[in-house]
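So the sequence lines, in the order shown, correspond to chains H and G.
Numbering of the first sequence is given in my numbering, commencing with residue -1 and proceeding in unit increments.
Numbering of the second sequence is given in my numbering, commencing with residue 918 and proceeding in unit increments.
Virtual Cβ for every residue (Gly too), placed ideally from N, Cα, C.
Worksheet: one structure, shown below.
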Amino acid sequence: MTDRELLRLVAQGDVTAFREWYDRHSGPLFAYLLRLLRDAHLAEDVLSEAMLTVWTDARRYRGESSPRTWLYAIARNKATDRLRQRVVWPLEALDGQRVDGEAERVDTRVAVEEALKRLPPDQREVVELAFFHGFAYEEIARIVRCPLNTVKTRMFLAKQKLRAQLGDAGGRVGEAGG
Amino acid sequence: MTLPHETAELLLPWFVAGTLPEPERSAVEEHVRDCEVCRREEAWLREVADAVRSRPVPSPAPELGARVLARLAARTAAGPWWQRVWRVREARALLAVAVVEAVALAALVVSWTPQPPAFRTLGGPTAAHVQVVFRPDATEAGMRATLLRVGATVVEGPGATGVYRLRLRPGSDPRAVAEQLRNDALVRFAEPEP
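Right, dumping it as structure tokens:
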């Protein structure tokens, strides 16, 4: 059953369909929220709220975007509300900072993970939505509510910083770049 | 379509991720074929993308799903009664069926004026009748099989409310046949005529 079919059943109050929707999307969405919020309990709270909003608002879904994009946009909106209460984005203070003793990393995944952590949150988010969650740039623009060109620019800047980070780290990924 | 290098560079991450729509995908592919810088960029991005994708995926607490469903139930229960009933699809379907059945039953009762038989065989046993309503999804073959099993023949119907009048074999017990019909999966309503 496709996401659209499932959402149609949820809109009709079908609890079984809602359970299927939750099982299908809760894992990846939790991963996204955890990266945004950096707090597992908070990520679970926002995940619950987003899922309950799907239950109450499924009838309002008009199909302008994919159901998954719609879900992520709802969740991100709620996560942003929570983050506003903290005044600054988590890890923002790490932007541009270097951490000593990491030059010896050889594992590509760990190197990339560490480099991602040092990106500004809005750039890291675009990289993760594109590569981890597989969203097209138009879908990302809907989720993060910004113009298409902003999404592309954030990715461009993220690439530059990742290359600088990974190149300095001396990992396999860094060596591949030109 | 010849794509400027700057444009291709901006789109390359989604080309690598496989989410670039046409015709942009073909244009980037064509550009990359002829651009050494972009080919190296593409190879590098593929490694980054693979590394991002291969990250362990954290999971929410296993009991979170049950908690969400419990909150959903509490939220559903908080509305007015008619909204709560209407909200659940199964309840709506049952309500619709109940309304149809009530209308059919009312029509049946109103139209239930036993008529004297046109003629009666002298000395022989009289044939009893049963009124029956089949389910909407009952097929002709299914109804025929049911009628053969209970030894009944359609003598009237279906009426506007879907009621058939069945004549039973002489000597059949109308109450027993009605009971037999009620237990049939294709039958929604069965009642012996008085």
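- In chain H, no part has a C-beta under 8 Å from the C-beta of T1056/G; the shortest such distance is about 27 Å.
- Your pair P930/G and A128/H checks out as a contact, with CB atoms roughly 6 Å apart and the cut at 8 Å.
- Scanning chain H for C-beta atoms nearer than 9 Å to the C-beta of S943/G yields nothing, as the closest lies near 15 Å away.
- DSSP, read as helix, strand or coil, puts F16/H in helix.
- Among the residues of chain G, those whose CB is under 9 Å from the CB of E111/H are A968, V969 and R972, following chain order.
- Closest option to R1052/G, judged by alpha-carbon separation, among G935/G, L1098/G, A990/G and C955/G: L1098/G.
- Counting along the chain, the unbroken alpha helix (DSSP H) around F932/G starts and ends at H922 to A934.
- Cβ proximity to chain G below 8 Å picks out F16, R17, Y20, D21, S24, G25, P26, F28 and A29 from the segment 14 to 30 of chain H.
- By DSSP's assignment, A1069/G forms a beta bridge with L1085/G.
- Identification of residues in the segment 31 to 47 of chain H having a C-beta nearer than 8 Å to some C-beta of chain G yields L32, A38, A41, E42, L45 and S46, given in sequence order.
- Distance from the CA of V124/H to the CA of T14/H, rounded to the nearest whole angstrom, comes to 33 Å.
- Close CB contacts of H1046/G within its chain, under the 8 Å cut and outside five residues either way in sequence, are with V1072, R1082, L1083, R1084, L1085, P1091, P1109 and E1110 (chain order).
- Inter-segment contact for the segment 42 to 55 of chain H and the segment 135 to 153 of chain H is absent: fewer than three beta-carbon pairs are separated by less than 8 Å.
- In the DSSP secondary-structure assignment, E1108/G is bridged to Q1048/G.
- DSSP, read as helix, strand or coil, puts V974/G in coil.
- Within chain G, not a single residue places a beta-carbon under 7 Å from that of Y70/H; the smallest gap is close to 14 Å.
- For the segment 138 to 149 of chain H, no residue has a beta-carbon sitting nearer than 8 Å to a beta-carbon of chain G.
- Taking every protein chain shown into account, the CB of R140/H has 16 or more other CB atoms within 10 angstroms, so this residue is buried.
- In this model, R66/H and T936/G are separated by some 14 Å (Cα to Cα).
- It is roughly 22 Å from the alpha-carbon of R950/G to the alpha-carbon of R161/H.
- Residue environment: T1063/G is assigned as buried (16 or more neighbouring CB atoms within 10 Å of its CB, all protein chains considered).
- Using a 10 angstroms sphere on the CB of D79/H, the tally of other CB atoms stays under 16, which defines it as exposed.
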